[in-house]
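Take 188 as the starting number for the sequence shown in the working numbering and just add one per residue.
Glycine residues also receive a C-beta, built at the ideal position from the N, C-alpha and C atoms.
The model shown is predicted, which means the values in this text are computed figures rather than measured ones.
See structure below.
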Amino acid sequence: MIYKGAEKGKDSINSGIQFIQDFEIIIHPRCVNFLTEISNYTWDKDNFGNKLNRPIDDFNHLMDAMRYALEKYIKKGSGWLYK
């Protein structure tokens, strides 16, 4: 089996988040770790308390895995990634 790393590029996190926000995410109640993460996932703030356009780097392991799993479907630029 051949494994391929995630394509991490400029703004890949925000692009992935924006893509996923178009879907209804249904989580089984027994997936307590995912429920914890998605409930605590939040945006970073500056020194004045204003939200920044980047998520905090905490409670994001399973969220990142979801983005990586959907990576080939995320629209980038002029087309869809199908590899």
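CA-to-CA distance, residue j to residue i, given in whole angstroms
i      : j      : result
Met253 : Ile261 : 12 Å
Ala193 : Glu258 : 8 Å
Ile199 : Gln205 : For the sequence presented, residue 199 should be read as Ser rather than Ile. Between Ser199 and Gln205, the C-alpha separation is close to 10 Å.
Cys218 : Asp251 : 16 Å
Phe210 : Gly203 : 12 Å
Ile207 : Asn201 : 10 Å
Asp244 : Asp231 : 8 Å
Range of the contiguous alpha helix (DSSP H) that encloses residue i
i      : result
Asp251 : 248-256
Gly203 : 199-207
Proximal residues to residue i (C-beta, below 8 Å), its chain only, five neighbours per side dropped
i      : result
His248 : Glu224
Residue range of the unbroken beta strand (DSSP E) whose run includes residue i
i      : result
Asn227 : Premise fails: Asn227 lies in the alpha helix (DSSP H), 219-227, not in any beta strand (DSSP E).
Bridge-paired residues (DSSP) for residue i
i      : result
Lys232 : Lys238
Cβ shell of residue i (< 7 Å), same chain only, five flanking positions each side left out
i      : result
Asn220 : Leu249
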